[in-house]
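Residue numbers -6 to 164, in our numbering, belong to the letters of the sequence shown in order.
Positions of the beta carbon are idealized from the N, C-alpha and C atoms, including for glycine.
Notes to accompany the following structure.
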Amino acid sequence: EGTAGALLKKPCVIRTIDRVTATDVAGNAIALPLSPESCSNIGLGNDKQFYSIGAFAVSQDNVPHVLLSPTDASRVILRYSESTDKWINEPAPYGATELFFDANNNLYAIASGIKIFKRESAQGSWQLIYEDSEVENCYPKVRVDEGAHTAFIHAQRCDEKQITVYGLRLQ
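Here is the structure:
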């Protein structure tokens, strides 16, 4: 519910193979077309508002991770736990705005600065693996190459006068 760039409510995750039938992450059928009334399946209150859905990543073992920017709190990462059938909520490291997995199922989070964090398992600790202390870059966007060998991080100076592209070797 809402418009990109405005306040959003009721984020949800659905799965579909044929764009005709859909399920939630637990495998329960969801009627299409989807409406805001039939959504909000990630364990957050229906009245909770967000500035954006910052990133969405799926691990090698099909666990969805959603990075959200709530209007009343710091950014959070939610991941689905199949064993408990619940979404687990945790703070995004350093207010990260991007998430992605490598081919070895390591999760990365990218924050302004540029700061790159890595976690080797869903329950592991975040490790700061790179920080650019020379330049203050903001608004990072990530693209991983097709073979998941390199992540390209596009960022721009916070004063918006210059861009930097970082290459992160993943293997």
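From residue i to residue j, what distance separates their C-alpha atoms?
{"i": "Tyr81", "j": "Asn39", "result": "As written in the sequence, residue 81 is Ile, which differs from the Tyr given in the question. When rounded, the distance between both Cα atoms is 17 Å."}
{"i": "Val137", "j": "Ala22", "result": "31 Å"}
{"i": "Pro133", "j": "Gly88", "result": "12 Å"}
{"i": "Pro57", "j": "Thr14", "result": "19 Å"}
{"i": "Glu(-6)", "j": "Glu30", "result": "Because Glu(-6) sits at a pLDDT of 49, beneath the cut-off of 50, its placement in the model cannot be relied upon, and the point is left open."}
{"i": "Glu47", "j": "Glu129", "result": "Here residue 47 is Gly; the residue named in the question, Glu, does not match the sequence. Each residue's alpha carbon lies about 20 Å from the other."}
{"i": "Arg12", "j": "Arg150", "result": "40 Å"}
{"i": "Val110", "j": "Asp17", "result": "According to the sequence displayed, residue 110 carries Phe and not Val. Each residue's alpha carbon lies about 29 Å from the other."}
{"i": "Glu124", "j": "Leu161", "result": "12 Å"}
Measure the beta-carbon distance from residue i to residue j and round it to whole angstroms, keeping in mind my assumption that it falls under 8 Å.
{"i": "Ile7", "j": "Leu37", "result": "Not confirmed; about 16 Å, so no contact."}
{"i": "Leu1", "j": "Ser67", "result": "At roughly 17 Å, the Cβ-Cβ gap does not stay under 8 Å, so Leu1 and Ser67 are not in contact."}
{"i": "Val59", "j": "Phe43", "result": "Contact flag wrong, Cβ pair sits at about 10 Å."}
Buried or exposed for residue i, going by 16 or more other Cβ atoms inside 10 Å?
{"i": "Pro84", "result": "exposed"}
{"i": "Gly106", "result": "buried"}
{"i": "Asp95", "result": "buried"}
{"i": "Pro3", "result": "The residue you asked about is not Pro; residue 3 is Lys in the sequence shown. The residue is buried, with at least 16 neighbouring Cβ atoms inside 10 Å."}
{"i": "Val158", "result": "exposed"}
{"i": "Thr9", "result": "exposed"}
{"i": "Ala169", "result": "This structure cannot settle anything about residue 169, because the visible part of the chain is limited to -6 through 164."}
DSSP on residue i, reduced to helix/strand/coil?
{"i": "Ser105", "result": "coil"}
{"i": "Glu(-6)", "result": "Residue placement at Glu(-6) is flagged as unreliable, the pLDDT there being 49, under the threshold of 50; the coordinate-derived value follows with that caveat. The answer is coil: DSSP assigns Glu(-6) none of H, G, I, E or B."}
{"i": "Leu113", "result": "It is worth fixing the name first, because residue 113 is Glu in this sequence and not Leu. Three-state DSSP puts Glu113 in coil, outside helix and strand."}
{"i": "Pro29", "result": "helix"}
{"i": "Pro84", "result": "strand"}
{"i": "Gln120", "result": "strand"}
Handout entry: Every unbroken beta strand (DSSP E) within the region 123 to 159, with a cutoff of 3 residues, ordered by chain
Key = 130 to 137, 143 to 150
Practice task
Give, in chain order, every unbroken run of the beta strand (DSSP E) that is at least 3 residues long and sits entirely within the region 42 to 82.
Solution key: 42 to 51, 57 to 63, 69 to 74
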